[in-house]
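Notes follow the structure.
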Amino acid sequence: MTSRPSASERALRSGERAQLEAFLDDNREELIEAVEGLTDEQARRRLVPSLTTPLALLKHAVFVEKVWFQVALAGRTREELGLPYDIDESFMPSAHDSVDSLVKELRTAIEESRRIAAPLQLDDLALHNRRGPLTLRWIYVHMVEELARHAGHADILREQILAADRAAEENS
24 MTSRPSASER
34 ALRSGERAQL
44 EAFLDDNREE
54 LIEAVEGLTD
64 EQARRRLVPS
74 LTTPLALLKH
84 AVFVEKVWFQ
94 VALAGRTREE
104 LGLPYDIDES
114 FMPSAHDSVD
124 SLVKELRTAI
134 EESRRIAAPL
144 QLDDLALHNR
154 RGPLTLRWIY
164 VHMVEELARH
174 AGHADILREQ
184 ILAADRAAEE
194 NS
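All residue numbers for the sequence shown refer to the numbering used here, where the first residue is 24 and numbers rise by one.
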């Protein structure tokens, strides 16, 4: 069985924007793939002292998509979107959040991010950011870095969760 090439592999000879978008899409999908198939209990399981759980990483990914595209680029407010100002709060899933609901919310946020960015050029500025004006290019690079890190976290947590559950089954 051959696997489908990743977006970044398909964009090897594309222009800069296509490559940035492809790497961003790959990292988005890797984060989603790391949590899909986990039960909600598994996805909420805390293995580290921080707020980092697979479900928390999904919640945070929704937050960063909305902050960088809907707030920074489109000029919407955090209040309007129901987004916290405290970064730690972006890692706190509600009692009603689930893997399925947050994957759906993330995919919706990603589509909105694409819609907002589509008419812009890489050198166009995001004017609604506390750091001051930043280019769309900077946002793409930052999002690649942010989501790559969190996809790696989610992948490791998934591995630990599934290994612990297998060991528990074997010992019962």
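Think of the CB as a built atom: it goes at the ideal place given N, C-alpha and C, for glycine as much as any other residue.
- In this model, Leu143 and Leu159 are separated by some 8 Å (Cα to Cα).
- Assignment of alpha helix (DSSP H) within the segment 81 to 107, counting only whole runs of 4 or more residues, yields 101 to 104 in chain order.
- Here the segment 163 to 181 lies against the segment 52 to 62, with 3 or more beta-carbon pairs under 8 Å apart.
- Just so you know, the alpha carbons of Ile184 and Glu44 end up roughly 31 Å apart.
- Assigned with DSSP and collapsed to three states, Thr131 falls in helix.
- Take Phe86, set aside five residues on each side of it, and the residues of its chain with a beta-carbon closer than 7 Å to its own are Leu106, Ser113, in chain order.
- Note on geometry: alpha-carbon atoms of Ile139 and Ala97 lie some 7 Å from one another.
- Looking only at Ala132, Ala84, Leu145, Lys82, the smallest Cα-Cα distance to Gly38 is reached by Leu145.
- When the Cα atoms are used, Asp109 and Leu74 turn out to be separated by approximately 13 Å.
- Nearest Cα to Leu81 within the set Ser117, Arg99, Arg101: Ser117.
- Leu159 sits in a helix when the DSSP states are folded into three classes.
- By the neighbour-count criterion, in which a residue is buried when 16 or more other Cβ atoms sit within 10 angstroms of its Cβ, Val94 is buried.
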